[in-house]
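> Here my numbering = 1-based position in the sequence shown + 58. Here it is, the structure in full.
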Amino acid sequence: MRIDTHVHVYATAEQGLFEVGEYPITEYGEKSDVRFSTRAGTVDDALAAMAMAGIDYSAVLGSFELPELPFPPGGERHWPDDPPFAELADDLVAYNRWLCEVGEQHPSLLPFVTVNPAVLTSGQSARLVAELFDERGARGMKLHNIGIRTHPDDPGLLGVYEACQERSAPIVVHCGPDARGYGWATPASFVPVAEQYSRLPLVLAHLGGASWRELAAVADAHPQIWFDLSETVQWVGATNGATVQQLVGLIEHVGVERVLMGSDFPWYEPSDTIAAVGELGLSADAERAILGENAATLLRLT
Ligand SMILES: [Zn+2]
59 MRIDTHVHVY
69 ATAEQGLFEV
79 GEYPITEYGE
89 KSDVRFSTRA
99 GTVDDALAAM
109 AMAGIDYSAV
119 LGSFELPELP
129 FPPGGERHWP
139 DDPPFAELAD
149 DLVAYNRWLC
159 EVGEQHPSLL
169 PFVTVNPAVL
179 TSGQSARLVA
189 ELFDERGARG
199 MKLHNIGIRT
209 HPDDPGLLGV
219 YEACQERSAP
229 IVVHCGPDAR
239 GYGWATPASF
249 VPVAEQYSRL
259 PLVLAHLGGA
269 SWRELAAVAD
279 AHPQIWFDLS
289 ETVQWVGATN
299 GATVQQLVGL
309 IEHVGVERVL
319 MGSDFPWYEP
329 SDTIAAVGEL
339 GLSADAERAI
349 LGENAATLLR
359 LT
């Protein structure tokens with residue numbers, strides 16, 4: 059079984075192309091031959107890319123980012139208990155229901171829903187997440203802490219951590235540095251969450267991205283954390299990326315059984331990601347584990 063644990067889909071081609079254009083990838087430095095996808099990222103595009111790569115299931119990861127990407131008011135570290143963008147609550151709910159409908163229509167697409175503490179209180183988020191999991195087929199969550207300007211230990215997120223831990227539902231978090239150095243999504247930024255919720259299956263995306271050197275210490279201390287190799291595997295040999303040797307060393311250090319294949323479609327093609335995994339020179343067993351077996355265990359698809 060092949061499972062892609064890191065895919066994004068958009069309601070329209072225009073939106074998908076806009077999102078890909080909005081997030082140029084710079085953290086890995088320079089590399090001349092990175093293989094990018096040319097698809098727009100609609101549901102049909104995702105299904106076509108999956109078929110081409112022989113993928114059985116993909117986790118479709120949501121994110122609800124606000125226009126203008128505001129920061130918490132008053133220079134505070136966390137969002138206030140009274141969310142300043144509460145008027146967007148209906149949009150956030152509708153977006154998550156759309157993701158769940160996509161999953162209902164296409165059983166190979168597993169909805170990973172999302173929240174935003176600038177919009178919902180911790181209690182509201184927890185109730186929404188419970189409804190999406192228990193009644194609408196959500197299979198996991200996604201948080202892009204840089205995009206939502208939120209530290210992982212924000213009190214507005216604690217309700218969803220609790221709700222996901224109760225359900226053994228994975229939360230995929232974007233992991234890597236941010237351009238301004240706030241540290242919203244570095245490997246270490248997730249440690250307080252891992253300490254407080256020791257049974258919560260957190261998935262640190264991109265093997266830490268350009269913060270990959272900081273990943274091993276967090277992996278050693280928190281055995282419940284998983285990792286996806288999306289993007290990072292496409293940028294091996296970049297000026298600030300890992301070499302093939304370093305990436306294989308990191309995968310072996312954290313343990314092959316904790317590493318998941320993700321493409322980060324529509325930035326990259328799942329077929330190219332599978333090819334990049336193949337170029338690491340891992341054993342056939344390790345490859346099988348990373349390309350699907352590990353995710354099947356995490357997502358209870360076996
Ligand atoms: Zn992504």
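We put the beta carbon where it would ideally sit given N, CA and C, even for glycine.
1) Tell me whether the beta-carbon of residue 195 lies closer than 8 Å to the beta-carbon of residue 162.
2) Taking residue 104 as the reference, which of 150, 136 and 326 has the closest Cα?
3) Jot down the residue ranges of each uninterrupted alpha helix (DSSP H) in the segment 246-301, minimum 4 residues, whole runs only, in chain order.
4) Quick check on residue 118: does DSSP put it in helix, strand or coil?
5) By Cβ distance below 7 Å, which residues in the same chain neighbour residue 190 in space, the five residues on each side in sequence not counted?
6) Any heavy atom of ligand 1 closer than 7 Å to the Cβ of residue 64?
7) Does the beta-carbon distance from residue 6 to residue 265 come in below 8 Å?
8) Measuring only the C-alpha atoms, how far is residue 357 from residue 152?
9) Can the beta-carbon of residue 334 be found less than 8 Å from the beta-carbon of residue 86?
10) For the alpha helix (DSSP H) that contains residue 331, what are its first and last residues?
11) Mind checking who residue 229 pairs with in its DSSP beta bridge?
12) Please tell me whether residue 66 and residue 323 are closer than 8 Å, where the distance is taken between their beta carbons.
13) Taking all protein chains shown into account, do 16 or more other C-beta atoms lie within 10 angstroms of the C-beta of residue 106, making it buried, or fewer, making it exposed?
14) Return yes when at least one heavy atom of ligand 1 lies under 7 Å from the C-beta of residue 322, else no.
15) As a quick exercise: from 122, 305 and 144, pick the residue whose alpha carbon is nearest that of residue 339.
16) Among residues of its own chain, excluding the 5 on either side of residue 317, which ones have a beta-carbon nearer than 7 Å to its beta-carbon?
17) Can you round the beta-carbon distance between residue 272 and residue 290 to whole angstroms, since I take them to be within the 8 Å contact cut?
18) Taking its Cβ as the centre, do 16 or more other Cβ atoms sit within 10 Å of residue 81, making it buried, or is it exposed?
19) Less than 6 Å between C-beta atoms, sequence neighbours within five positions excluded: which residues of the same chain meet that for residue 329?
Per the coordinate set shown:
1) yes
2) 326
3) 249-254 and 273-279
4) strand
5) 154, 158, 171 and 196
6) yes
7) Only positions 59 to 360 of the chain appear in this structure, which leaves residue 6 out of reach.
8) 24 Å
9) no
10) 328-336
11) 199 and 260
12) yes
13) exposed
14) yes
15) 305
16) 285, 287, 309, 348 and 352
17) Not confirmed; about 13 Å, so no contact.
18) exposed
19) 110 and 111
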